[in-house]
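Asker: Residue numbers (our numbering): 123 to 296.
What follows is the structure, encoded as structure tokens:
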């Protein structure tokens, strides 16, 4: 995954957020390790920012979900599972589902007309981009951080909090 890359990371981290299903009010611990980071969520899920060993899916970004019965890897072009039978199992009636949309802009316009929710709601989008930014700050500082999504600040860390915004140079003032 492209932690800190605000262009490509959201395409993968929003899928991760849907799957992780975090408590959006709970802190996130970001652990720095040798140029990579791990997100530790309060529900016990750990998201690693590096590739899964020997996984051919996602060389240019993607996600690999590892569970007790196997793993599923997904990127912009494909989805595979190990064992392959995982993807053939039908969803149960109570399983969560997301609907298919092959275009963010098309989905947005469809939802304006229909009044349905977009496939990636603003709350997930904000939570996703914050995860990317805090990962990038952890990489820049080369150390662990604790993010409080309620205050939108790092807990007790003035140095990290200073990196959340910058002072624009004149005449570029908003």
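Built from N, CA and C at the ideal position, the CB exists for glycine as well.
Please classify residue 142 as buried or exposed, where buried requires at least 16 other C-beta atoms within 10 Å of its C-beta.
Answerer: Buried: at least 16 other Cβ atoms inside 10 Å.
Asker: Determine, using beta-carbon pairs with one atom in the region 261 to 270 and one in the region 232 to 248, whether at least three such pairs fall under 8 Å.
Answerer: The region 261 to 270 is not in contact with the region 232 to 248.
Asker: For residue 234 and residue 220, I'd like the C-alpha separation in whole angstroms.
Answerer: When rounded, the distance between both Cα atoms is 18 Å.
Asker: Let's test the definition: count the other Cβ atoms within 10 Å of the Cβ of residue 168 and tell me whether it reaches 16, buried, or not, exposed.
Answerer: Burial call: exposed.
Asker: How far does the alpha helix (DSSP H) with residue 217 in it extend, from its first residue to its last?
Answerer: Here residue 217 belongs to no alpha helix (DSSP H), and DSSP marks it neither H nor E.
Asker: Taking only three categories from DSSP, how would you classify residue 231?
Answerer: The answer is helix: DSSP assigns residue 231 an H, G or I state.
Asker: May I ask you to report which of helix, strand or coil DSSP gives residue 195?
Answerer: Strand.
Asker: Quick one: any contact between the region 197 to 207 and the region 155 to 170, if contact means 3 or more CB pairs under 8 Å?
Answerer: With the cut-off at 8 Å, the region 197 to 207 and the region 155 to 170 do not touch.
Asker: Residue range of the alpha helix (DSSP H) that residue 174 falls in?
Answerer: First-last for residue 174: undefined, no H or E at that position.
Asker: For a quick check, are the C-beta atoms of residue 183 and residue 130 less than 7 Å apart?
Answerer: The answer is yes: Cβ separation under 7 Å.
Asker: Give the DSSP-derived three-state secondary structure of residue 258 in the structure shown.
Answerer: Helix.
Asker: Just to confirm before moving on: does the CB-CB distance between residue 145 and residue 176 stay below 7 Å?
Answerer: Their beta carbons are not under 7 Å apart, which means residue 145 does not touch residue 176 by this criterion.
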